[in-house]
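*Asks:* Below you'll find the structure I mean.
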Amino acid sequence: MNKVRTKLHAVWVHFGEVLYNFVFTHVPSHRFRQAMLRLWGARIGKDSAIFRGTTVLGITGIDIGDASVIGFRCLLDARGGLTIGDSVVIASDVHFIAGHHLPNSDDFSYILAPITVGDHAWIASRSMVLANVDIGRGAVIGACSLVRKDVPERTIAAGIPAKHIADRRSNLSYRPVYRPKFF
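Structure (structure tokens):
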């Protein structure tokens, strides 16, 4: 009976993920989109926003803190776990990729690993963050960067691959509550 229940739950979650990615992500209401993500197992904090067109993989692996903003058309691959802290700003078209295939595998095996983004981090447009990466508290990732390795707290990193370019001096006291209507 437990196997049947587990399989039914997996089907339910997969159904929710498909429905979200093809229909709900385009509905112009933050509350509605987030309610649908929560219904299928995502944990999303108070005053957070996820803009339209964002694709979700591994819906039950999503954990977003309070007052975090995720821009348009992002990819949230949470199959290995995706934790986004409080007051994080993720600009449009950012991709989080939680896994990769093993090129020498006879059966095209893959590995999934978690991604963590610390409080008050800022990830600029069109950046990509790969599996098994921790972006530290208050770190900034420059636009169009590829993050393959951990980024320490308050580090500004950019490039392909992303490398340290400066240190951040902000007191990190902001709370970016940004939820415009119909976005």
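Going by the working numbering, the sequence shown opens with residue 261, and the numbers climb by one from there. Don't be surprised by glycine CBs; every beta carbon is placed ideally from N, CA and C. These numbers come from a predicted model, not from an experiment.
Please name the residue or residues paired with Val377 in a DSSP beta bridge.
*Replies:* Ile344 and Ile395, per the DSSP bridge assignment.
*Asks:* Taking the beta strand (DSSP E) that Phe356 belongs to, which residues open and close that run?
*Replies:* Residues His355 to Ile357.
*Asks:* According to DSSP, is Trp272 part of a helix, a strand, or is it coil?
*Replies:* In the structure shown, Trp272 sits in a helix (DSSP, three-state: H, G or I).
*Asks:* Give every residue of the same chain whose Cβ lies closer than 6 Å to the Cβ of Ala373, excluding the five residues on either side of it in the sequence, and list them in chain order.
*Replies:* Only Gly340, Ala391 and Asn392 meet the Cβ criterion.
*Asks:* Drop a sphere of 10 angstroms on the beta-carbon of Tyr434, count the other beta-carbons inside from all chains shown, and report buried for 16 or more, exposed for fewer.
*Replies:* Exposed.
*Asks:* Does the distance between the C-beta of Tyr280 and the nearest non-hydrogen atom of the ligand PLP fall short of 7 Å?
*Replies:* For the structure depicted, the ligand PLP is absent and the ligand set is empty, with no information on it obtainable.
*Asks:* Would you list the one or two residues that DSSP bridges to Asp427?
*Replies:* Paired residues: Thr415.
*Asks:* Could you give the first and the last residue of the continuous alpha helix (DSSP H) run that contains Met296?
*Replies:* Run containing Met296: His290 to Leu299, per the alpha helix (DSSP H) assignment.
*Asks:* Pairing CB atoms from the region 261–277 with CB atoms from the region 405–424, are three or more of them under 8 Å?
*Replies:* Not touching, per the Cβ criterion.
*Asks:* Quick check: Gly233 and Ala417, are their CB atoms within less than 8 Å of each other?
*Replies:* Residue 233 cannot be examined here, being either before or after the span of the chain that is shown, 261 to 443.
*Asks:* Helix, strand or coil for Arg265? Go by DSSP, reduced to three states.
*Replies:* Note: Arg265 maps to helix in three-state DSSP.
*Asks:* With contact counted as at least three CB pairs below 8 Å, one residue from each stretch, are the region 350–368 and the region 287–303 in contact?
*Replies:* Counting Cβ pairs under 8 Å, fewer than three are found: no touch.
*Asks:* Under three-state DSSP, which class holds Ile420?
*Replies:* If DSSP states are grouped into helix, strand and coil, Ile420 belongs with coil.
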